[in-house]
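Just so you know, the sequences run in chain order A and B. According to our numbering, the residues represented by the first sequence are 1 to 325, in order. According to our numbering, the residues represented by the second sequence are 326 to 570, in order.
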Amino acid sequence: MSVLIYAENADGKFKKSIFEAVSYARAIADQNNTHLTAVSIGDVKADELNLLAKYGADKILNVSNAQLKNFVNQAYASIIAGAAKKEGADTVVLSNSFSGRGLAPRLGVKLEAGIVDGAIALPEQTNGKFTVKKTAFSGKAFAIVELTSANKVIALVPNSYKIVEENKPAQTEDFNVETKASDFKAMLKEIVRSTDKISLTDAEIIVSGGRGLKGPENWGMIEELAEVLGAATACSKPVSDAGWRPHSEHVGQTGIAVSPNLYIAIGISGAIQHLAGVSSSKVIVVINKDAEAPFFKVADYGIVGDAFEVVPKLIAAVKEYKASA
Amino acid sequence: MKILVCISNVPDTTTKITFTDNNTQFNTNGVQFILNPYDEIALARAIELTEGGKGTITVINVGENNTEATIRKALAIGADDAVRINAKPHDAWFVAYQIAQYIKANPFDLILTGRESIDYNGSKVAGILGELLDLPSISIIKNIAIDGNTATVEREIEGGKEILTIPLPFVAGTAEGVAEPKIPNMRGIMSARTKPLTVIEPVEVKTFSEVIGYETPAPRGQVKLVPADKVAELVELLHTEAKII
Ligand SMILES: Cc1cc2nc3c(=O)[nH]c(=O)nc-3n(C[C@H](O)[C@H](O)[C@H](O)COP(=O)(O)OP(=O)(O)OC[C@H]3O[C@@H](n4cnc5c(N)ncnc54)[C@H](O)[C@@H]3O)c2cc1C
Ligand SMILES: Nc1ncnc2c1ncn2[C@@H]1O[C@H](COP(=O)(O)O)[C@@H](O)[C@H]1O
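Below, the structure written as C-alpha cells:
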C-alpha cells in the first residue's frame, strides 16, 4: 500500500498545481502511514525533479524517452498504471488538468479503481469508509463520493489544496514500462500556444469581462488591468459566442470552471450559469453599473459604476499600490 | 460513417440545486431535465460530419424511461436512431461499461460524448470507453475534422491547444466551439416520433463509487460596496482585509 502522484510537466517545468497535488498526495500517504512516489514522464531536469521531494515525495520515478516527450494519453496511462503496480500503490493522485482528466478514467479502468475527478479536499477515512468531496452541478454544489474499491484514482482541482514544504530526501530512479503500439495511435502534430499570458486554470487572479463592455475594442483596459495584477483574462458566454473573445476564455457552467483567489467581474450580470463556474473563487469583486445586478448578491466587494470610468481608475490605483509596495 | 453520440439527461442550467433527505438526495422536484449542453454540441458536429448522406448517427443513453423526452429531442435535432439502456446511471463507470458492451456488438467509426455532464462534471465516460475498447480517447476537444479514415482534432490544454491526428475509430468529448447547437425544426420534431428507439436491458457490473451526500457552498457575507469615486479603497481592502494582493 502506498500513494503515487503523477507529476505532469509543462515544457519541463512543474506548475504550482502539481506541487499542490504532491502535497495533497503526501497528506494521503501520511493518513495511511505509507510512502509517496512521484512519477514524471517526459523531459524534466534533475533540479526540477528534486522539487517533487521538496513538496513531499519519498521517491521519484523518472520516465524519459524521446517517444514520450509530449503527452500521449494512452501511453502515459499505461506508464502510470505500471508505476502504480511497481510501487504497490493503491491510491493514484493527479491534477485535474486537461491531461489529468484524460488520464484519470483510463487509469481507473486499468487499476480497477474507483475514480474521483474534481476533488477539492482530502479524503476522509473513518469507519473503514473512504470518502472524497468533489465539485458537482458545475460548482453549484459539492458531492461526497465514497470509493468502495481497494484502488483509488483522485484528480485534484488546482488551487484547492495548500502547498506544504516537506524537504524530504528522495532518490530518483529511471523507470520504464512497456507500451503497446496501439497506445500511440493518436499523433501530435502541433502545439499552439494561445498567448504567452497566464492560463485561466492556473491563474490566482482572473479579470473577466461581460457584455457590459459593449465590444471587443474595449478589452484593452481589461487586459491592462489583468497585466498590472498578474491576472488571466476571462469572459462570459455571450462575449465568446459573439467572437469578441476566444472560447477558451469562456467561464461558467458550459465553459471553464475556475477557482482563483480573486475573480473580478466587469460588466457581467451574474446569471446562474455564469456563477456556477466561478462561485468557488475565494474572493469576488463585481463592477457593474446596475446596483440590482444579481452578481452583487454573491460578491465580497463591489463597485456600482460605469466600467469605462471605474476600470481605468482601478488600473491607476493598482499601479500606485504596486509602486509603493 | 457510423457515429455514436452518448447523451445524458441533466438538470436545466437555470436549476437552483437543492437536496432532500438530510442532503443525501438531489431534489428533482420541479426540475426540468434537458439534453446535456455539451452533448448537443457533439450531436451538432455529428450532423455536420454526416451531412449529404455521408453517414448515420445513433444516440445512446443509459437511463430509465424518464429520459425519453431528451432522447426524442436528440432524434428531432437529427439523430437517425436511438438506443436506451434501461438502467439508472449509477456512475460514469457503470454508464461507460454499458455503452462499451453495446459498441462491442455494434461497432462505430466515431464515438462522441460531451466534455462533461453538467451534473457530475466527471469528464470520465469518454476515457473509460476508450480504455474498455482499447481505442484512443481525447477527453476535451475544441474541433474535429475527418478526412477518409483519419481525424484531425484540437485538444484543449492549459493556455493553448494541441493538434492531433487519429485514425478512426476513437472516442472524443466535445467542448464549446466544436459546433453550434442545432435547434430542431418542425420536420425533425414530427419525424422524431417515428424514428427507431431501441430499449435494451443492462448487463450486470460491479461499481466502485457511491455518492453518499451533498453540500451546498457556504453563502458569502453581505457585499461591501466601495463608492465609484473612491476606487483606491478597493485596492486597499483587497490588500489589508482580503489579503489577496
Ligand atoms: C444552456 C446555457 C448555458 C450557459 N452557460 C453559460 C456559461 O457557461 N457562462 C456564462 O457566462 N453564461 C452562460 N449562459 C448565459 C447566461 O445565461 C447569461 O446570458 C450570460 O452569462 C450573460 O452574460 P453577461 O453577464 O456578459 O451579459 P448581460 O447579462 O447582458 O449583462 C451585462 C451586464 O453589464 C452591465 N453593464 C452594462 N454596461 C455597463 C457599463 N458601462 N459598466 C458596467 N456594467 C455595465 C449590465 O448592468 C449587465 O449587468 C448560459 C445560458 C444557457 C441557456
Ligand atoms: N447516462 C448517460 N448515458 C449516456 N451517455 C452519458 C451518460 N452520462 C454521461 N454520458 C456521456 O458522457 C459525457 C461525459 O459525462 P461525465 O463523464 O459524467 O462528465 C456526457 O457528456 C455524455 O456524452
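All C-beta atoms in this analysis are idealised placements derived from N, C-alpha and C, irrespective of residue type, glycine included. Since the structure is predicted, the reported quantities are computational estimates derived from the model, not experimental observations.
Identify every residue that forms a DSSP beta bridge with residue i.
i	result
A/Gly302	A/Val286, B/Leu550
A/Phe142	A/Thr135, B/Glu540
B/Thr438	B/Gly498
A/Met221	Paired residue(s): none; A/Met221 is not in a bridge.
A/Thr126	A/Lys129
B/Leu400	For B/Leu400, which the question treats as bridged, DSSP gives no partner whatsoever.
B/Val475	Looking at the sequence itself, residue 475 of chain B is Thr, so the reference to Val does not match. B/Thr475 is bridged to B/Asp472, B/Pro492.
A/Lys13	A/Ala10
B/Thr523	B/Val408
B/Arg545	Partner(s): none; B/Arg545 has no beta bridge.
When you compare the CB positions of residue i and residue j, do they come within less than 8 Å of one another, or not?
i	j	result
A/Ala119	A/Lys152	no
A/Ile287	A/Ile266	yes
A/Phe19	A/Ile163	yes
A/Thr37	A/Ala89	yes
A/Val251	B/Leu550	no
A/Ile60	A/Leu68	no
A/Asp300	A/Val285	yes
A/Ala155	A/Ala57	no
A/Glu292	B/Ala553	no
B/Ala401	B/Ile514	yes
B/Ile443	B/Pro362	yes
A/Val258	A/Leu200	yes
B/Thr395	B/Asn386	yes
B/Leu454	B/Val496	yes
B/Phe351	B/Phe344	yes
B/Lys449	A/Pro105	yes
A/Thr254	A/Lys237	yes
B/Leu457	B/Ala425	yes
A/Ile79	A/Thr179	yes
B/Val384	B/Ala399	yes
B/Arg397	B/Ala567	no
A/Ala231	A/Ile198	yes
Under a three-way DSSP split, which group does residue i fall into?
i	result
B/Pro362	helix
B/Glu509	In the sequence as displayed, the identity of residue 509 of chain B is Pro instead of Glu. Coil, per DSSP.
A/Arg193	strand
B/Leu329	strand
A/Ala89	strand
A/Ser40	strand
A/Gln67	helix
B/Gln423	helix
A/Val310	helix
A/Ser149	coil
A/Gln31	helix
B/Phe351	strand
A/Asn73	helix
A/Glu227	helix
A/Phe175	coil
B/Asn391	helix
B/Phe344	strand
B/His415	coil
Between residue i and ligand 3, is the CB less than 7 Å from at least one heavy atom?
i	result
B/Glu441	Among the ligands in the structure shown, ligand 3 does not appear; only ligand 1 and ligand 2 can be found there.
**Message:** Assess contact between the stretch 400 to 409 of chain B and the stretch 526 to 543 of chain B, defined as three or more Cβ pairs (one per stretch) separated by less than 8 Å. Is contact present?
**Reply:** no
**Prompt:** Can at least three beta-carbon pairs, one atom from the stretch 484 to 491 of chain B and one from the stretch 189 to 200 of chain A, be found at a separation below 8 Å?
**Reply:** The stretch 484 to 491 of chain B makes contact with the stretch 189 to 200 of chain A, as at least three CB pairs between them are under 8 Å.
**Prompt:** Got a sec: which bits of the stretch 518 to 549 of chain B sit with their beta carbon under 7 Å from any beta carbon on chain A, in order along the chain?
**Reply:** Those would be Phe533, Ser534, Glu535, Val536, Ile537, Gly538, Tyr539, Glu540, Thr541, Pro542, Arg545, Val548, Lys549, in chain order.
**Message:** Taking contact to mean 3 or more Cβ pairs, one atom from each stretch, closer than 8 Å, check whether the stretch 435 to 452 of chain B and the stretch 362 to 371 of chain B are in contact.
**Reply:** yes
**Asked** Taking a cut of 8 Å between CB atoms, which residues from the stretch 141 to 163 of chain A lie near chain B?
**Response** Against chain B - using a Cβ distance shorter than 8 Å - the residues of the stretch 141 to 163 of chain A are Ala141, Phe142, Ala143, Ile144, Val145, Glu146, Leu147, Thr148, Ser149.
**Message:** For the stretch 328 to 338 of chain B against the stretch 306 to 320 of chain A, do three or more pairs of beta-carbon atoms, one drawn from each stretch, fall closer than 8 Å, so that the two count as touching?
**Reply:** no
**Prompt:** Between the stretch 435 to 452 of chain B and chain A, which residues of the former have a C-beta closer than 8 Å to a C-beta of the latter?
**Reply:** The stretch 435 to 452 of chain B vs chain A, Cβ under 8 Å: Ile443, Asp444, Tyr445, Asn446, Gly447, Ser448, Lys449, Val450, Ala451, Gly452.
**Request:** Taking only beta carbons into account, state which residues of the stretch 471 to 495 of chain B come closer than 9 Å to chain A, listed in chain order.
**Result:** Thr477, Val478, Glu479, Arg480, Glu481, Ile482, Glu483, Gly484, Gly485, Lys486, Glu487, Ile488, Leu489, Thr490, Ile491, Pro492, Phe495
**Prompt:** Counting Cβ pairs closer than 8 Å, one from the stretch 208 to 223 of chain A and one from the stretch 253 to 272 of chain A, do we hit at least three?
**Reply:** yes
**Asked** Using a Cβ cut-off of 8 Å, which residues of the stretch 177 to 199 of chain A contact any Cβ in chain B, in chain order?
**Response** Listed by position, the residues of the stretch 177 to 199 of chain A near chain B (Cβ gap below 8 Å) are Ser182, Lys185, Ala186, Met187, Leu188, Lys189, Glu190, Ile191, Val192, Arg193, Ser194, Thr195, Lys197, Ile198, Ser199.
**Message:** So if I threshold CB-CB distances at 9 Å, which residues from the stretch 113 to 144 of chain A count as touching chain B?
**Reply:** Ala113, Gly114, Ile115, Val116, Asp117, Gly118, Lys129, Thr131, Lys133, Lys134, Thr135, Ala136, Phe137, Ser138, Gly139, Lys140, Ala141, Phe142, Ala143, Ile144
**Request:** Count the CB pairs spanning the stretch 88 to 104 of chain A and the stretch 465 to 482 of chain B that are closer than 8 Å, and state whether there are at least three.
**Result:** yes
**Asked** Are the stretch 25 to 35 of chain A and the stretch 122 to 130 of chain A touching, with three or more C-beta to C-beta distances below 8 Å?
**Response** Contact between the stretch 25 to 35 of chain A and the stretch 122 to 130 of chain A is present: 3 or more CB-CB pairs across the two stretches fall below 8 Å.
**Prompt:** Taking any Cβ of chain B, which residues in the stretch 217 to 229 of chain A have a Cβ under 8 Å from it, in chain order?
**Reply:** Leu229
**Prompt:** Using a Cβ cut-off of 8 Å, which residues of the stretch 90 to 113 of chain A contact any Cβ in chain B, in chain order?
**Reply:** Flagged, chain order: Ser97, Phe98, Ser99, Arg101, Gly102, Leu103, Ala104, Pro105, Arg106, Gly108, Val109, Lys110, Glu112, Ala113.
**Message:** Along the stretch 294 to 315 of chain A, where does the CB come closer than 8 Å to a CB of chain B? Name the residues.
**Reply:** Phe296, Lys297, Val298, Ala299, Asp300, Tyr301, Gly302, Ile303, Val304, Gly305, Asp306, Glu309, Val310, Lys313, Leu314
**Message:** Against chain B, which members of the stretch 263 to 277 of chain A pass a CB distance test of less than 7 Å?
**Reply:** Ile272, Gln273
**Prompt:** Okay, do the stretch 133 to 142 of chain A and the stretch 469 to 480 of chain B touch, 3+ Cβ pairs below 8 Å being the bar?
**Reply:** no
**Message:** Taking beta-carbon pairs under 7 Å, can you tell me which members of the stretch 58 to 86 of chain A lie near chain B?
**Reply:** Asn73, Gln74
**Asked** Going along the chain, which residues of the stretch 238 to 259 of chain A sit with their C-beta nearer than 8 Å to a C-beta in chain B?
**Response** Ser240, His247, Ser248, His250, Gln253, Thr254, Gly255, Ala257
**Item:** Members of the stretch 353 to 370 of chain B near chain A, C-beta cut-off 8 Å
**Value:** Going along the stretch 353 to 370 of chain B in chain order, one finds Pro362, Tyr363 with a Cβ nearer than 8 Å to chain A.
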